[in-house]
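Visitor: Quick note: the sequence shown, position 234, residue 246 per this note's numbering, numbers continuous.
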Amino acid sequence: MQLQQSVSAKMPAQKVIVWEALDATDPMTKAASQLYEKTLAADERIPWMWIEQSVQDRTKSKPRPGGWSRHLLLAAPEGRQDDPDALAGYVYGALLPGYGGYLCYVGVADWARRMGVGGRLYEQFFKVLRVDAGELGEPLPFVIWESHRPDPLAPAADWENWTARTRLFDRVGGLWVDGVDFLSPNFAADEEDDDVPPVPLQLFVKPLDSPESAFTPERLREVVGGLHERVYHNQPGSVLFDSTLPVACEPRLRPARAAGAQKSERGELV
Numbered sequence: 013m014q015l016q017q018s019v020s021a022k023m024p025a026q027k028v029i030v031w032e033a034l035d036a037t038d039p040m041t042k043a044a045s046q047l048y049e050k051t052l053a054a055d056e057r058i059p060w061m062w063i064e065q066s067v068q069d070r071t072k073s074k075p076r077p078g079g080w081s082r083h084l085l086l087a088a089p090e091g092r093q094d095d096p097d098a099l100a101g102y103v104y105g106a107l108l109p110g111y112g113g114y115l116c117y118v119g120v121a122d123w124a125r126r127m128g129v130g131g132r133l134y135e136q137f138f139k140v141l142r143v144d145a146g147e148l149g150e151p152l153p154f155v156i157w158e159s160h161r162p163d164p165l166a167p168a169a170d171w172e173n174w175t176a177r178t179r180l181f182d183r184v185g186g187l188w189v190d191g192v193d194f195l196s197p198n199f200a201a202d203e204e205d206d207d208v209p210p211v212p213l214q215l216f217v218k219p220l221d222s223p224e225s226a227f228t229p230e231r232l233r234e235v236v237g238g239l240h241e242r243v244y245h246n247q248p249g250s251v252l253f254d255s256t257l258p259v260a261c262e263p264r265l266r267p268a269r270a271a272g273a274q275k276s277e278r279g280e281l282v
């Protein structure tokens, strides 16, 4: 605890460095696995070994044509990039050729919050995907990510964290896909357990090479449907796909902070 406090005290006066993890055995990558489990609920996260494998693949093999270009980025105070106790945060995601960017997971250590770490991770991730798209000769129309909004009856602290998160999304240019509850598989459930409900997530989009005006309800349905098909392998006609995008669904982009409003038991914003 004393070490975390000392690092936190120095952070405002220190530059935060963001770099890509290229060695799955590096202590900083191992520290990221621990932070990953601390910052994400079990029902929202994939096995860490999948992320670790993507780190290994970046240096040991060439991406297959049309395959994802995955990246794990880490953040730490300048001069402490080799100190696992100083790991301030991580972001993991990929470029999906022919679709756009997908930011899968992001997390910031408790002691490093309100120090700009989250913003640095997002911005660097956007830059990395621009390079990937440029190498393929493709545009990067958008980057999309998911986030789990608390239950309406969740403790006030959960809603305060959610509100702070949506403000961060605002600062990095993310817009809320209003009108869609994206139903994701529950990764904490056993494969044979059919009774576990899916995890409802909110979606956020940062327009890049496509202007915000291009994201009409029809285009947003394509983007949301593409996420189900490309990432979760759910096709039209499957329960999760059709429940996410019912016929009457008319998604629209709104400021991310609008997603931070809490709903009462009667559905009113408070």
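All C-beta atoms in this analysis are idealised placements derived from N, C-alpha and C, irrespective of residue type, glycine included.
Since the structure is predicted, the reported quantities are computational estimates derived from the model, not experimental observations.
Beta strand (DSSP E) containing Val103: first to last residue?
Guide: Val103 -> beta strand (DSSP E) spans 101 to 108.
Visitor: Mark Ser81 as exposed unless 16 or more other C-beta atoms lie within 10 angstroms of its C-beta, in which case mark it buried.
Guide: It counts as buried.
Visitor: If I follow the unbroken alpha helix (DSSP H) through Glu56, where does it start and stop?
Guide: From DSSP, Glu56 is part of no alpha helix (DSSP H); its letter is neither H nor E.
Visitor: Output the residue ranges of the beta strand (DSSP E) runs that lie fully inside the region 140 to 169 and measure 3 residues or longer, sorted by chain position.
Guide: You should have 154 to 159.
Visitor: With Asp254 as the anchor, note down where its alpha helix (DSSP H) starts and where it stops.
Guide: Element bounds for Asp254: 251 to 256.
Visitor: Do you know whose CA, among Pro263, Ile63, Thr41, lies nearest Glu234's CA?
Guide: Of Pro263, Ile63, Thr41, the residue nearest in Cα terms is Pro263.
Visitor: Exposed or buried, Leu34, counting other C-beta atoms within 10 Å across all chains shown (16 or more means buried)?
Guide: Classification of Leu34: exposed, given that the 10 Å Cβ count is below 16.
Visitor: If you draw a straight line from the C-alpha of Arg242 to the C-alpha of Leu107, how long is it?
Guide: Distance between the alpha carbons of Arg242 and Leu107: 11 Å.
Visitor: State the DSSP-derived secondary structure class of Gly185, mapped to helix, strand or coil.
Guide: Correct three-state label for Gly185: coil.
Visitor: Can you round the beta-carbon distance between Phe181 and Ala268 to whole angstroms, since I take them to be within the 8 Å contact cut?
Guide: Right, their Cβ atoms sit about 4 Å apart.
Visitor: Do you know whose CA, among Cys261, Trp60, Ala270, lies nearest Arg231's CA?
Guide: Measuring from the Cα of Arg231, the nearest candidate turns out to be Cys261.
Visitor: Could you tell me how far apart the beta carbons of Leu99 and Ala43 are, in whole angstroms, since I believe they sit closer than 8 Å?
Guide: That belief holds up - the Cβ atoms of Leu99 and Ala43 are roughly 4 Å apart, short of 8 Å.
Visitor: Where do the N-terminal and C-terminal ends of the beta strand (DSSP E) with Val120 fall, by residue?
Guide: Element bounds for Val120: 112 to 120.
Visitor: If you draw a straight line from the C-alpha of Ala273 to the C-alpha of Thr71, how long is it?
Guide: Straight-line Cα distance between these residues: approximately 43 Å.
Visitor: Please list the terminal residues of the continuous beta strand (DSSP E) segment that includes Arg264.
Guide: 264 to 267 is the extent of the beta strand (DSSP E) around Arg264.
Visitor: Nearest to Tyr244 by alpha carbon, out of Glu56, Gly91, Glu49?
Guide: Selected option, being the one with the closest Cα: Glu56.
Visitor: Look up Trp8 in the DSSP assignment and say whether it is helix, strand or coil.
Guide: No answer is possible for residue 8: the residues shown for the chain start at 13 and end at 282.
Visitor: Give the C-beta separation of Pro212 and Asp193 to the nearest angstrom, bearing in mind that I take them to be a contact with Cβ-Cβ under 8 Å.
Guide: Pro212 to Asp193, Cβ: 4 Å. Contact.
Visitor: Kindly provide the ranges of any alpha helix (DSSP H) runs that are 4 or more residues long and lie completely inside the region 208 to 257, ordered along the chain.
Guide: Counting only runs of 4 or more, we get 229 to 239, 251 to 256.
Visitor: Can you have a look at Glu172 and say buried or exposed, based on whether 16 or more other CB atoms are within 10 angstroms of its CB?
Guide: When all chains shown are included, Glu172 counts as exposed.
Visitor: Could you give the DSSP three-state label for Glu277: helix, strand or coil?
Guide: Because the pLDDT of Glu277 is 43, which lies under 50, any placement of that residue in the model is unreliable, and the number read from its coordinates should be weighed accordingly. Coil at Glu277, not helix or strand.
Visitor: State the beta-bridge partners of Ala87 as determined by DSSP.
Guide: According to DSSP, which records beta bridges pairwise, Ala87 is partnered with Val30, Gly101.
Visitor: Which same chain residues end up closer than 8 Å to Val28 when comparing Cβ atoms and leaving out the 5 residues on each side of it in sequence?
Guide: Answer for Val28: Ala87, Ala88, Pro89, Glu90, Ala100, Met127, Gly128, Val129, Arg132, listed in chain order.
Visitor: Can you list, in chain order, the residues of its chain with a C-beta nearer than 6 Å to that of Thr51? Leave out the 5 residues immediately preceding and following it.
Guide: So the list reads Gly119, once near-sequence residues are dropped.
Visitor: CB-CB under 6 Å to Tyr134, same chain, minus the five flanking residues each way: which ones, in chain order?
Guide: Around Tyr134: Val184.
Visitor: What number of angstroms, rounded off, separates the C-alpha of Leu239 from the C-alpha of Phe253?
Guide: Rounded to whole angstroms, Leu239 to Phe253 spans 10 Å at the Cα level.
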